[in-house]
Structures are given as C-alpha cells and as structure tokens.
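A.B. asks: Let me begin by handing over the structure; questions about it come next.
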Amino acid sequence: MRLRHVLFIVVCTLITATGCSEKTSSEDASLVNADARTMVNADADAKTMVAANTETTAGPDAETTGGAEARWDEVTATAVAAAQAAGEAGHAHTAVALLDLQTGVLYGAGDIDETYASASVMKVFIAARLLVDGHADTPRVRDLMWRMITLSDDVAADELYNLAGAENLVPWIADHYGISGLAPTNRPGWWGLTRITARSMVDFYAAVAADPVVAPWLMDAMAQTESVGADGFYQHFGLPSAAASWRVKQGWMCCLEGFTRMHSTGYIDNDRYAVALLAAGPPSMYTDGGPQTLTAMARALLPNGTVPTSA
68 MRLRHVLFIV VCTLITATGC SEKTSSEDAS LVNADARTMV NADADAKTMV
118 AANTETTAGP DAETTGGAEA RWDEVTATAV AAAQAAGEAG HAHTAVALLD
168 LQTGVLYGAG DIDETYASAS VMKVFIAARL LVDGHADTPR VRDLMWRMIT
218 LSDDVAADEL YNLAGAENLV PWIADHYGIS GLAPTNRPGW WGLTRITARS
268 MVDFYAAVAA DPVVAPWLMD AMAQTESVGA DGFYQHFGLP SAAASWRVKQ
318 GWMCCLEGFT RMHSTGYIDN DRYAVALLAA GPPSMYTDGG PQTLTAMARA
368 LLPNGTVPTS A
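If you number the sequence shown the way our numbering does, the last residue is 378 and the count never jumps.
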C-alpha cells in the first residue's frame, strides 16, 4: 500500500465490489465479480477440510549432511494443523507449510499447492534475481533492495521489478531453483498478483539457504525487517510476533480481485525451518483482524517461540 493511495481503505469499505490495492484502478471492477465467485467457492470447499489433515512428505534427499534419517514428528505436525485451524477460525482461507531444513520433512495443513496472490512476499524473488545477475553490486540498486525487503517499499519494488525481468522474473526463479507452483501476474506491472503457494515458498527459501550468492545478503535483510513498513503498516504481525528467532518477508494487500491477502513467510528456529503462512479473506480483513489472525496462526505453530517436537 502506498501513502498516495491513503483513501483506498475507505473505498474498500464503501464499495468493496470494485476492489482496491497497493495499485488500484477502475479496471479492477471488471475482474472482481468473477474472481470473487471463484474464491468464495474455494473458501466454501476449504471449510470442509479437517484441520488435522496434515500433509507430510520427505524432501528429495531424506537425509541431512550428518546422515540422520528424515523423521516425521507427530508433535510438529499437530502444531502445523493448529496453525491452519487458527487461520480458519479467523474467517480466513489459509495454508501452512513448514519445511525442516535439517531432515527434509515437509509438514502442511490446508491446501499447500493452492495459489495465492503474493502481495509483497514476491519481493524476495526480485532480490534473488538481482543478486544472481550482479545488479546488486551497484550501490543505488542495493540501497533500493534493502528498502524493498526491510521496509517492504513498493516504490523501490516498482523500479527493481523491471530491472529483474518484470513478468519474466517468476519463470526465471522457477527454472533457476527448480520450483513448481509459481506463476507471474497476468496483469503486466502488477507484481502483487504474482501467484505463489505455501509449498513453493518453503521450497524457495530452502534453495536460497543453499545459495552462496543469494543467502548472505537476503537472509540478513530478512532478519532486519523493520516493525513499520514504508507505507506505515505494522509488519511484525505473524512470525515476528511469535518466533524466538526469525527472518521474514511479509505480505499485505487489499483489495485486488475483491480480497485481502496477508502472508508471513521466512525462516524460524535459527534457520532450521522454512515456513509459509498464507491467508486470503474479505476486504474487511485488511483492517479488521487480518494481522491478528496471522499472529494467532504463528503462535499456534510456535507455542513457546519455537516449533514443538517430540524430542
């Protein structure tokens, strides 16, 4: 959200059928009704899911470098299910993915392969591409990148998105890191409509953690996320409000396609886990309970500030 769009929340409240966002325009109106029907149907289907229906899979390599076998942990799986249930209790459509980077075990609740509009979460893709391509060596670019990650600055992201390839960025990320479940925005320039999944985000963070070109800068920047974003939004909701240690990229956006998107993603527990908490809901969620819902999800996942295990 930008300061020059300060009236958008009022517009959302009074005329939710037209939608609004960090980048809103009159052309949204033609998309809202059809997209809203689709999301409403998806939300209705989601309500039929049992919170304890938690997916767990081993990663491509079921062993750590130390040779320990990958092991599914029922206590961890229960916490993941509780996190997703907390989101549903907050009247949001949610998905939770937790990837243990030591064992390769993936825990999921909700549909972790369902796509969500990324909002500002996709700014980590911009940063990764610029680091790999060497553009980050330019002081001005690196300063914009820092603002984009730590303050979630949209003005910086607008400029850097084009430098990183615009709509060709997401296919590049998918190919470079071997990640499925991503799709570029179908509206050129509207990077907040990039499509992500909970699974794709934890896979991306796992790949970044192993990338010596990207990890040092990006993971450090994520650990320096400031409490208030460039647009004045409090961005320490979700994981930073619950985790004893964290590196995060948050996302918040209203009301493109007639919905609020609010996400909390990154690394927790001294980088042992990659995590994605994704949520979508009605426009009112932006100012009425959205951050609190994400924080409730994070606290359910991390009851004592860390991921619970049976060990």
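Think of the CB as a built atom: it goes at the ideal place given N, C-alpha and C, for glycine as much as any other residue. Note that the structure is predicted; figures quoted are calculated from it, not measured.
#1: Using only alpha-carbon positions, find the residue among E155, E141 and R262 that is nearest to L173.
#2: Give the DSSP bridge partners of V295, in chain order.
#3: How long is the line joining the alpha carbons of F271 and D355, rounded to whole angstroms?
#4: Report buried or exposed for G256, applying the criterion of at least 16 other Cβ atoms within 10 angstroms of its Cβ.
#5: Which residues bound the alpha helix (DSSP H) around A66?
#6: Whose C-beta lies closer than 6 angstroms to the C-beta of T205 among residues of the same chain, with five residues either side of it excluded?
#7: Less than 9 angstroms separating the beta-carbons of D180 and A233?
#8: Is DSSP giving H158 helix, strand or coil here?
#9: Are D220 and G318 touching if we call contact CB-CB under 9 angstroms?
#10: Kindly indicate which residue of A378, M352, S312 and C322 has the alpha-carbon position closest to the one of A159.
#11: Return the chain-ordered list of same chain residues with a C-beta closer than 7 angstroms to the C-beta of A301, the five sequence neighbours on each side being excluded.
#12: Let me know the secondary structure DSSP gives D167 once reduced to three states.
#13: Quick one: what's V342 bridged to in DSSP?
#14: Report yes if the C-beta distance between T327 and P307 is below 9 angstroms; otherwise report no.
#15: What is the DSSP secondary structure of A347, reduced to helix, strand or coil?
#16: Nearest CA to the CA of L285: which residue from V374, A250 and K316?
#17: Where do the ends of the alpha helix (DSSP H) carrying W319 lie?
#18: From A149 to R207, what distance separates their C-alpha atoms?
#19: Using a threshold of 9 angstroms, state whether the C-beta atoms of G305 and M212 are closer than that.
#20: Use the C-beta contact count for A231: other C-beta atoms within 10 angstroms, 16 or more gives buried, fewer gives exposed.
#21: Tell me whether H72 sits in a helix, a strand or coil according to DSSP, three-state version.
#22: Give the single residue among D225, R196 and W313 whose Cα lies nearest to the Cα of Y373.
#23: Rank R138, T143 and W139 by C-alpha distance to the C-alpha of N371 and give the top, closest one.
#24: In the DSSP output, what is A288 paired with across the bridge?
#25: At the level of alpha carbons, what is the spacing between D242 and M215?
#26: Does the distance from the C-beta atom of L198 to that of V269 stay below 9 angstroms?
#27: Indicate the three-state DSSP secondary structure (helix, strand or coil) for T376 in the structure shown.
#28: To which residues of the same chain is N337 closer than 8 angstroms at the C-beta, ignoring the five residues directly before and after it?
#29: How about F192 and L236: are their beta carbons less than 9 angstroms apart?
C.D. replies: In short:
#1: E141
#2: Y301
#3: 31 angstroms
#4: exposed
#5: This structure does not reach residue 66, given that the chain is present from 68 up to 378, and the question cannot be answered.
#6: none
#7: no
#8: coil
#9: no
#10: M352
#11: Before going on, a small fix: residue 301 reads as Tyr here, not Ala. Around Y301: S294, V295 and P358.
#12: strand
#13: L165 and G333
#14: no
#15: strand
#16: K316
#17: Per DSSP, W319 belongs to no alpha helix (DSSP H); it is in the beta strand (DSSP E), W313 to C321.
#18: 43 angstroms
#19: no
#20: buried
#21: Its pLDDT being 39, under 50, H72 is placed unreliably in this model, and the value from its coordinates should be taken loosely. Helix.
#22: The displayed chain sequence assigns Thr, not Tyr, to residue 373. For the residues D225, R196 and W313, the minimum Cα distance to T373 belongs to W313.
#23: T143
#24: Its beta-bridge partners do not exist; DSSP assigns none.
#25: 23 angstroms
#26: no
#27: coil
#28: S312
#29: yes
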